[in-house]
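In the UniProt record's numbering, the protein residues as written are 1 to 112.
Below you can see the structure in the form of structure tokens.
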């Protein structure tokens, strides 16, 4: 089961995820991200992955699509708090350099 929480931080939107991000839940997460971007039109979208224990290729593809969508609307997407197994997946797929990844949510919000 996937737990997704969203909130606004000024002109930024934060999506916090807990659970396994796999094919079974990708549509749910995609819908939340799309709704957040369409409704809030954030200049910055932060996706906090601290509670994610696993991410598969469908989850990675969703994050790539989300970044492309946010880029097209003139915003930025930052990832925060990647647990070691998730970070390893990003490293193995060479996506570490594609995303702006931050150690903490506050760093991601500041863009530090």
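For glycine and all other residues, C-beta sits at the position ideal for the given N, C-alpha and C.
Supposed contact pair residue j and residue i - C-beta distance, whole angstroms, cut 8 Å
i, j, result
"residue 15", "residue 47", "5 Å"
"residue 101", "residue 52", "About 13 Å separates the two Cβ atoms, so there is no contact after all."
"residue 45", "residue 95", "Incorrect: roughly 16 Å between the Cβ atoms, too far for contact."
"residue 29", "residue 60", "Their Cβ separation, rounded to whole angstroms, is 12 Å, which puts residue 29 and residue 60 out of contact at 8 Å."
"residue 13", "residue 38", "About 11 Å separates the two Cβ atoms, so there is no contact after all."
Cβ shell of residue i (< 6 Å), same chain only, five flanking positions each side left out
i, result
"residue 58", "23 and 26"
"residue 99", "79"
Outcome for residue i when other beta-carbon atoms lying within 10 angstroms are tallied against a minimum of 16
i, result
"residue 42", "buried"
"residue 124", "In the structure as shown, the chain starts at 1 and stops at 112, and residue 124 therefore has no counterpart that could be examined."
"residue 67", "buried"
"residue 80", "buried"
"residue 36", "buried"
Cβ shell of residue i (< 7 Å), same chain only, five flanking positions each side left out
i, result
"residue 9", "109"
"residue 82", "49, 90 and 101"
Residues bridged to residue i (per DSSP)
i, result
"residue 9", "12"
"residue 64", "BP columns for residue 64 are empty, so no partner."
Contacting residues, own chain, Cβ-Cβ under 8 Å from residue i (five flanking each side not counted)
i, result
"residue 85", "53 and 54"
"residue 11", "42, 43 and 44"
"residue 19", "1, 2, 3, 25, 51, 52 and 53"
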